[in-house]
Amino acid sequence: MEKTMKAAVFHGRHDMRIEQIEVPKIKENEVLVKVAYCGVCGTDVHIFEGDKGCAEVHPPIVLGHEFSGIVAEVGAAVQGRKAGDRVNVDPNVLCGSCKYCLSAKGHFCEHMTGIGTMVNGGFAEYVAVPAGQTHLISEKTDMQSAAMTEPLACCLHGMDLCEIKPGDRVLIIGAGMIGLLMLQLSRLSGAAFVAVSEPVAAKREEAKKLGADLCIDPVSMAGGEFEKLCQGYDFNCVIECAGLTRTIEQAVAAAGKKATVMLFGLTKPDDAVTLKPYDVFSKELTLRSSYINPYTQQRALALIEQGRVDVKSMACPPVPLEKLPEVLADAKLRTKGKYVVKF
Ligand SMILES: [Zn+2]
Ligand SMILES: [Zn+2]
0 MEKTMKAAVF HGRHDMRIEQ IEVPKIKENE VLVKVAYCGV CGTDVHIFEG
50 DKGCAEVHPP IVLGHEFSGI VAEVGAAVQG RKAGDRVNVD PNVLCGSCKY
100 CLSAKGHFCE HMTGIGTMVN GGFAEYVAVP AGQTHLISEK TDMQSAAMTE
150 PLACCLHGMD LCEIKPGDRV LIIGAGMIGL LMLQLSRLSG AAFVAVSEPV
200 AAKREEAKKL GADLCIDPVS MAGGEFEKLC QGYDFNCVIE CAGLTRTIEQ
250 AVAAAGKKAT VMLFGLTKPD DAVTLKPYDV FSKELTLRSS YINPYTQQRA
300 LALIEQGRVD VKSMACPPVP LEKLPEVLAD AKLRTKGKYV VKF
């Protein structure tokens with residue numbers, strides 16, 4: 000076993016360095032995972048940019064919370080995991096004893112530890128994680144897809160809260176990775192018609208391939224035209240996946256009667272939107288939001304393993320770890336698709 004490993008260490012705003020650091024030593028309840036793939040998430044970008052509000056980050060730290068790998072070592076007290084197991088990791092470690100953990104609201108744990116945000120994560124050759132955070136992956140599932148379990152699990156929690164019924168009409172705003180996953184989950188939930196609003200042509204193309212019935216370029220439409228078009232469809236559910244104040248306002252305007260508006264895209268903590276309560280009243284809207292991935296990791300993995308959800312076609316070709324600082328720094332590069340680091 001090597002003593003040191005390659006890692007991308009975040010030292011502060013716009014400062015990430017590829018370094019040789021010590022391989023972590025595992026505690027008795029932990030396993031050491033040799034990372035295979037680790038996804039680059041919007042959260043990593045926010046942290047790189049020094050945005051406040053997304054997890055308590057204390058540099059120097061190794062980021063990366065969407066990863067899969069092979070168990071290399073197992074702590075003395077661990078049951079049900081062995082060296083060689085293929086796993087992915089739920090990065091949110093709960094304390095188990097705070098008032099939220101004790102009332103089935105563990106994802107609001109007062110002492111949550113985020114792997115890859117608060118403690119060292121997957122942008123390194125090895126990560127030490129509590130064994131209970133690992134989910135076993137079958138032989139037939141490729142490791143790159145398995146690394147996408149966490150983002151899909153977050154979408155799945157949001158989808159549960161949308162309460163889409165067979166036959167519903169759904170509008171998705173934003174066709175990045177998350178929007179494209181929401182599109183597929185809407186179809187799996189029985190939506191009869193799914194529309195996608197997205198200004199980037201290549202992303203609309205991808206949405207079409209993944210089953211969107213209608214792709215709208217909102218930029219090409221004159222004021223009020225988009226809302227009018229949407230009212231014609233009387234959407235039962237609008238899922239906002241862009242996280243911009245403008246698109247959140249658009250989501251409320253585009254919703255049909257009795258619709259659910261899911262605010263899924265992450266805004267900055269201080270962003271504020273203009274909302275007319277009368278619009279919510281006159282359409283009897285339900286406004287909802289969704290926070291991380293409580294108990295949806297196993298279902299997300301099942302969807303990936305059975306090939307029900309495509310988590311790969313929207314990804315760029317995997318990049319080496321050395322490329323990560325450039326990906327985080329270059330917003331233009333990131334418009335090409337989801338980035339995944341391959342070890
Ligand atoms: Zn993420
Ligand atoms: Zn707790």
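According to numbering that gives the first Met the number 0, the sequence shown is numbered sequentially starting from 0.
Every residue gets a Cβ at the ideal spot worked out from N, C-alpha and C, and that includes glycine.
In this text the structure is predicted, and so the values were computed from the model without any measurement.
Same chain, Cβ closer than 7 Å to residue i, neighbours up to 5 away in sequence not counted
i      : result
Leu151 : Leu180, Ala299, Leu302, Ile303, Val308 and Val310
Glu1   : Val22
Thr273 : Glu248
Pro182 : Note on residue identity: the sequence assigns Leu, not Pro, to residue 182. The residues are Ile171, Val193, Val195, Ala206, Leu209, Gly210 and Ala211.
Phe234 : Arg168, Val169, Leu170, Ala253, Ala254, Gly255 and Ala258
Phe83  : The question names Phe, but residue 83 is Gly in the sequence shown. Taken in chain order, the residues that qualify are Ile69 and Val70.
Residue i CB to nearest heavy atom of ligand 2 below 7 Å
i      : result
Ser96  : yes
Gly105 : yes
Tyr99  : yes
Leu265 : no
Leu184 : no
Leu284 : no
Leu62  : no
Leu93  : yes
Residue i CB to nearest heavy atom of ligand 1 below 7 Å
i      : result
Pro293 : no
His110 : no
Cys37  : no
Cys40  : yes
Glu65  : yes
Glu55  : no
Glu149 : yes
Beta-carbon separation (whole angstroms), residue i vs residue j, contact threshold 8 Å
i      : j      : result
Ile171 : Gly189 : About 15 Å; that fails the 8 Å criterion.
Cys161 : Cys236 : 5 Å
Gln19  : Asp89  : With a Cβ gap of about 28 Å, Gln19 and Asp89 do not count as contacting.
His64  : Gly120 : 5 Å
Val340 : Tyr99  : With a Cβ gap of about 32 Å, Val340 and Tyr99 do not count as contacting.
Lys26  : Gly95  : Actually they do not touch by this definition, with Cβ atoms about 16 Å apart.
Pro23  : Ala127 : 4 Å
Met4   : Leu323 : Met4 to Leu323, Cβ: 15 Å. No contact.
Lys256 : Glu283 : 7 Å
Val30  : Val77  : 6 Å
Gly173 : Gly264 : 6 Å
Thr148 : Gln296 : 6 Å
Val34  : Phe342 : 5 Å
Same chain only: Cβ atoms within 8 Å of residue i, ignoring 5 sequence neighbours per side
i      : result
Ser144 : Ile303, Val310 and Lys311
Leu327 : Met15, Val39, Asp43, Val44 and Phe47
Cβ shell of residue i (< 6 Å), same chain only, five flanking positions each side left out
i      : result
Phe192 : Arg168 and Asp212
Thr285 : Thr259
Asn292 : Ala152, Cys153 and His156
Thr395 : As shown, the chain starts at 0 and ends at 342. That puts residue 395 outside it, with no answer to give.
Asp270 : Thr244
What ranges does the beta strand (DSSP E) occupy inside the stretch 236 to 295, keeping only unbroken runs of at least 3 residues that lie completely in it? 236 to 239, 259 to 262 and 285 to 288
Runs of 4 residues minimum, wholly inside the stretch 73 to 143: which ones carry the alpha helix (DSSP H) assignment? none
If we require 4 or more residues per run, which alpha helix (DSSP H) segments fall completely within the stretch 178 to 243? 200 to 208 and 224 to 232
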